[in-house]
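Heads up: the sequence lines are chains G and E, in that order.
Residue 1 is where the first sequence starts when you use my numbering, and the numbers rise one by one after that.
Residue 1 is where the second sequence starts when you use my numbering, and the numbers rise one by one after that.
We put the CB at the ideal spot given by N, CA and C, even for glycine.
There are 2 protein chains.
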Amino acid sequence: MSVDGALLARRFADIIGGSRVLTDPEAMAAFQQDWRGRYRGSALAVLMPSSTQEVAALVKACVELQVAIVPQGGNTGLTGGAVAPDDRPAVILNLSRLNRIREVDARNNSLTVEAGCILAHAREAAEASQRQFPLLLGSVGSCEIGGLVSTNAGGTGVLRYGNMRELVLGLEVVLPDGRVWDGLRALRKDNAGYDLKQLFIGAEGTLGIVTAAVLKLHPQLNVSATAMVALAGVRQAVDLLRFMQEQVGNRIEAFEIMSRRQIELVLQHGHGLQSPMALDSPWYVLMEIADSSSQWDAVAELERTLEAAFDHDLLSDAVVATDVAKARRIWELRHNLSEANRHAGFTVSNDTSVPVSRLPEFIDRVTERIEQQLAGAQVCHAGHIGDGNIHVIAVLSRAVHATAEQCEAAATQVNLIVHAASVELGGSISAEHGIGRMHVARLERFKPALDLQMMRTLKQAFDPMNLMNPGKILRA
Amino acid sequence: MSVDGALLARRFADIIGGSRVLTDPEAMAAFQQDWRGRYRGSALAVLMPSSTQEVAALVKACVELQVAIVPQGGNTGLTGGAVAPDDRPAVILNLSRLNRIREVDARNNSLTVEAGCILAHAREAAEASQRQFPLLLGSVGSCEIGGLVSTNAGGTGVLRYGNMRELVLGLEVVLPDGRVWDGLRALRKDNAGYDLKQLFIGAEGTLGIVTAAVLKLHPQLNVSATAMVALAGVRQAVDLLRFMQEQVGNRIEAFEIMSRRQIELVLQHGHGLQSPMALDSPWYVLMEIADSSSQWDAVAELERTLEAAFDHDLLSDAVVATDVAKARRIWELRHNLSEANRHAGFTVSNDTSVPVSRLPEFIDRVTERIEQQLAGAQVCHAGHIGDGNIHVIAVLSRAVHATAEQCEAAATQVNLIVHAASVELGGSISAEHGIGRMHVARLERFKPALDLQMMRTLKQAFDPMNLMNPGKILRA
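Next up, the structure:
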């Protein structure tokens, strides 16, 4: 199908004005590829609507012109979900200008924001009303609410607050035919028919375009305490988590595991970072407990709980941060991980999950297989242990994998090992990053045929012309 | 369509044995109507399978015979969702014999149970592993997990733990064509494609039959404190909730409002119950805070928080229970509500929700309209204020509404007032009870046409022959 680009641009300009229709290759460049530069598309134009009505009008025009639509937010995804297809006429519909905070309702613990609102701004709006919006991930300063909803984002707060799905009360969505579905309800209980908003959460823009959301707010935290703990094995970490949940309930704000090898790499490449404790154990957990009640002595409670855990042989050693600076030094070990690994070699990272109870088995299995099959590979582990979400990181020797092709082949091999092991243990090939363009073939390989067929049934029912982000999640 | 009942029974008996195919009217009686006796159906048979494979085989037989299927659990629903249709051949598929606890995985905080498992048994299984399954409602001793999933049950724990939807990690479902979908994953994070289990949660058996579920467990509670608080108005109750959330975070286990008139009715008909405080305020809140940490002094914290709230003019008076017996006396006021109202007159109860911030307006509006339009009506209020879920209870004078027809007409009038007011304020006509057979016409009246159309699209895509619980949620 051939498309007259100039005609198309004029049609869109009639709706949103020429200045918000980008067609110049240079102006489009940053929108045409993902931020890591792994995927590149060839959209005919980038459209920048600033209202739901404009989105709806643009979608109607695309339906008429049979042009595919790729919704895009902050473009911070890791699986190429916001990149245009190469094989058919498509436009990128960037929602960053739909960025208003429509309402903060502190009494209802809710916040209504548009899709293009940056996560940091949503969090600030909550704080201004003595509330918190607890979703937190690395790209907090640039990722946008619409993308977070569409990928059912995870991050570090899932253990305590759930994924994005659990934080969404209502949605506004422009459907594949251009009609606006107003599901912006702000209710804690609503069983009046099917819960339609669930369709669009985590659908990566393949069933419609999220234009606004009502988000659930939580009480602010007033006290916290951080510790670093040394452990003999992953089983101890799982048991320590369970023990702590029995002692301090849902106050565990973060519970992150790192293998010794991973911490050593961070120290080696981390420009003067130091470990607050000797690295003579194979595993470490970095944890924070936090609470709203300022009457609660978080540091004393953490010390008491860790002492009791030590008496139960659940840990080898522990350091509790006695002030904010010391707590920050502990968390720097975690936050500098990606940067350090980049310097260490060619890094292949994964995002899988298994039931928490299967983590020890999973980690043993992947480590052994990778080390057996890839000469010179160093396997590190870090992740959200409370969510069963471990990032298996293989640092490959540049000596063995010298060319780009060799690196690519090794990465494929590592990914396959990790994905297969997670599925063997009842896990997922994508815990929090989604499928996007990257994992379409992998999903076909590992999902049961019936699951894929049910997904196609949904797609066919809501987007029969396959105009909404085609080729993402499911093959076009 | 005429159906040979005897032939049908033989066909089903071949699959599950004759003793588990009920066709005798007397044996079927308890399954043919809802427990309140408001809805009665005419199923040809009641089938009692005891495994997922048997359910699948029965569904395949029904597809072949073109007989509709009504899934039924503990039959404790309030909207007639488990009653057979009158206008076509149908069978009731009762899941109570599928009642095994398949797995408790304490390290993963998860529990895998079959659909027919009674809620109390699921809770006991969690407790035996030092965990809790927090869903709790009046019918705990007879309602079953499959029904709780299919109606997205609410209850008293929603403020802290969410609805059933938030407590489900995975599902096993027999689809309308008899295939078994194995979605029994036990993961905290899984973004590998559409989250298909969401389709079946709250779908009231219209898209498939839930046969098993993986449930999320929480830490057990070790300390708690209860108080009863007098308030000048509903706005104070909303502000008190917010204040308490700021002080004690997510430790609020229950926060229930009752109007003075409602408490007076309970005392009048409650066989010797007494109020622990003078009833000189128009509104009362019964609350419990609870925590896993036995180091936390719940009673002292509740006293401190309520004193601070008093200083902020958020309450008029408060009584904190100093022991378990006193706490129980406070909660008896709430638990005897339904029983007392039954004695007080002809009672019309509702189950709507609005955003918490709109509760004061909602309560004023419905009270005024009911009292204006129905002579001699007493309006009481009780409910889960933290969820915006207020049960508006109109106690109608038997003098004015003498006949069954007059009562029915008055009930219709009250329901319409309450539903209209909730929708005006952004609320739902069914907060936690679902639609079933009872509210199908009401849903058509109050849901936007686009919502209804999207629901029909889903139903058509997954159950094109309309064999699964036809006439529930959507008109057949």
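Tell me whether residue i is buried or exposed, calling it buried when 16 or more other Cβ atoms sit within 10 Å of its Cβ.
i      : result
M28/E  : buried
A347/E : Looking at the sequence provided, one finds Thr at residue 347/E rather than Ala. Label assigned to T347/E: buried.
G154/G : buried
E202/E : Note that residue 202/E is Gly in the sequence shown here, rather than Glu. By the neighbour-count rule (16 or more Cβ atoms within 10 Å), G202/E is buried.
M1/G   : Confidence at M1/G is low in this model, with a pLDDT of 43, below 50, so the placement of that residue should be treated as unreliable; the coordinate-derived value is given next. Label assigned to M1/G: exposed.
P49/E  : buried
M465/E : exposed
R437/E : buried
Please report whether the beta-carbon of residue i lies at a distance below 7 angstroms from any beta-carbon of chain E.
i      : result
N191/G : yes
T112/G : no
S51/G  : no
L450/G : yes
Y39/G  : no
T457/G : yes
N99/G  : no
L78/G  : no
Q274/G : no
G205/G : no
R102/G : no
A461/G : yes
Examine chain G for any beta-carbon lying closer than 7 angstroms to the beta-carbon of residue i, and answer yes or no.
i      : result
D34/E  : no
W283/E : no
R107/E : yes
V238/E : yes
M454/E : yes
L196/E : yes
S224/E : no
G233/E : no
G202/E : yes
State the CB to CB distance for the pair residue i and residue j, rounded to an integer number of angstroms; the pair is presumed to be in contact (CB under 8 angstroms).
i      : j      : result
M164/E : V149/E : 6 angstroms
L187/E : S428/G : 6 angstroms
E256/G : G383/G : 7 angstroms
S353/G : D387/G : 7 angstroms
H439/E : T79/E  : 6 angstroms
A344/G : H269/G : 6 angstroms
V248/E : V356/E : Incorrect: roughly 17 angstroms between the Cβ atoms, too far for contact.
A461/E : T457/G : 5 angstroms
S275/G : L333/G : 7 angstroms
V67/E  : V91/E  : 6 angstroms
Helix, strand or coil, according to DSSP, for residue i in the structure here?
i      : result
M1/G   : The predicted model places M1/G with a pLDDT of 43, which falls under 50 and marks its position as unreliable; any figure quoted below should be read in that light. M1/G: coil per DSSP, three-state reduction.
R102/G : strand
D387/E : helix
T211/E : strand
T347/E : strand
Y284/E : strand
F133/G : coil
I429/G : coil
G81/E  : coil
R88/G  : coil
T112/E : strand
I201/G : coil
L47/G  : strand
H381/G : strand
G18/E  : helix
* Taking a Cβ distance cut-off of 8 angstroms, strictly less, list which residues of the segment 12 to 32 of chain G are near chain E, in chain order. => none
* Asked: For the segment 120 to 136 of chain E, which residues have a CB atom closer than 7 angstroms to at least one CB atom of chain G, in sequence order?
  -> Q130
* Asked: When Cβ atoms are compared, which residues of the segment 409 to 436 of chain E fall closer than 8 angstroms to chain G?
  -> G426, G427, S428, I429, S430, A431, E432, H433, G434 and I435
* **Chain-ordered residues of the segment 312 to 338 of chain E with a beta carbon less than 9 angstroms from chain G** => none
* **Positions along the segment 138 to 166 of chain G whose CB lies within less than 8 angstroms of some CB in chain E** => T151, N152, G154, V158, L159, G162, N163, R165 and E166
* Asked: Looking at chain G, which residues of the segment 243 to 271 of chain E have a Cβ within less than 7 angstroms of any of its Cβ atoms?
  -> Cβ contacts with chain G: Q245, E246, Q247, V248, G249 and N250.
* Asked: Got a sec: which bits of the segment 341 to 372 of chain G sit with their beta carbon under 7 angstroms from any beta carbon on chain E, in order along the chain?
  -> S353, P355, V356 and S357
* Asked: Looking at chain E, which residues of the segment 465 to 476 of chain G have a Cβ within less than 9 angstroms of any of its Cβ atoms?
  -> Here the close residues are I473 and L474.
* **the segment 70 to 96 of chain E: positions lying closer than 7 angstroms to chain G by Cβ** => none
* chain E contacts from the segment 381 to 396 of chain G (Cβ-Cβ distance under 7 angstroms) -> Within the segment 381 to 396 of chain G, the residues whose Cβ lies closer than 7 angstroms to some Cβ of chain E are D387, G388 and N389, listed in chain order.
* To do: Could you name the residues of the segment 173 to 191 of chain E whose beta carbon sits closer than 9 angstroms to any beta carbon of chain G, in the order they occur along the chain?
  => L175, R179, V180, W181, D182, G183, L184, R185, A186, L187, R188, K189, D190 and N191
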